[in-house]
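As structure tokens, the structure follows; a few thoughts come after it.
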Amino acid sequence: MKKKYIVTLTQEERQKLQTMFSKGRAAVRKLTHARILLKADAGEDGPAWNDDAIAEGMEVGRATVERVRKRFVEEGFEAALDRRKPCRQYQRKLDGDREAHLIALACSQAPEGRSRWTLRLLADRMVQLEQVDHLSHETVRQVLKKTNLSLG
40 MKKKYIVTLT QEERQKLQTM FSKGRAAVRK LTHARILLKA DAGEDGPAWN DDAIAEGMEV
100 GRATVERVRK RFVEEGFEAA LDRRKPCRQY QRKLDGDREA HLIALACSQA PEGRSRWTLR
160 LLADRMVQLE QVDHLSHETV RQVLKKTNLS LG
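Per the working numbering, residue 40 is the first one in the sequence shown, and the count goes up by one each step.
Here is the structure:
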């Protein structure tokens, strides 16, 4: 099967990788990816090893070799060496007004038959009051911790 992502390093890129090894001051992951790029180099001075040989020689998985090749071709030299930043985006359940409502609720009198509020009781009450459709006790804990509010 013909390779879709062919690594061809320039002389300057190859020199950067060699310098990285001679200094010996880089993260192990970065050095491993650098070695993978050097062995995968299909340029005129490169050995052009196949993925199986690189994986066996570097003691990494074949998928790792494929990912490094792909990132080099699609995103560039630096992206293939460095860690990818997480691109997750979280939507907050509680905005400022709802957080204030939660804090006011936590400061209020505990429900009948209880001596104090629990995290789960607060989460359930916020749902009952239709402030949110669902709220975990962990979210309640984080909000209360952020405001240094203790339930005890």
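Every residue gets a Cβ at the ideal spot worked out from N, C-alpha and C, and that includes glycine.
Helix, strand or coil for residue i per DSSP?
{"i": "residue 171", "result": "coil"}
{"i": "residue 126", "result": "coil"}
{"i": "residue 148", "result": "coil"}
{"i": "residue 163", "result": "helix"}
{"i": "residue 49", "result": "coil"}
Got a sec? Which residues, its chain only, sit under 6 Å from residue i by beta carbon, not counting five neighbours each side?
{"i": "residue 88", "result": "78"}
{"i": "residue 44", "result": "108, 109 and 112"}
Give the straight-line distance between the Cα atoms of residue i and residue j, rounded to the nearest whole angstrom.
{"i": "residue 144", "j": "residue 161", "result": "7 Å"}
{"i": "residue 57", "j": "residue 122", "result": "20 Å"}
{"i": "residue 103", "j": "residue 175", "result": "36 Å"}
{"i": "residue 156", "j": "residue 181", "result": "15 Å"}
{"i": "residue 97", "j": "residue 114", "result": "23 Å"}
Within the same chain, show all residues whose beta-carbon is closer than 7 Å to that of residue i, passing over the 5 residues directly before and after it, in chain order.
{"i": "residue 82", "result": "47 and 48"}
{"i": "residue 76", "result": "46, 48, 56, 107, 111 and 119"}
Open item on the list: List, from N- to C-terminal side, the alpha helix (DSSP H) runs of 4 residues or more that fit wholly inside the region 77-129.
Closed with: The region 77-129 is shown to contain whole alpha helix (DSSP H) runs of 4 or more residues at 90-97, 101-114 and 116-120, in chain order.
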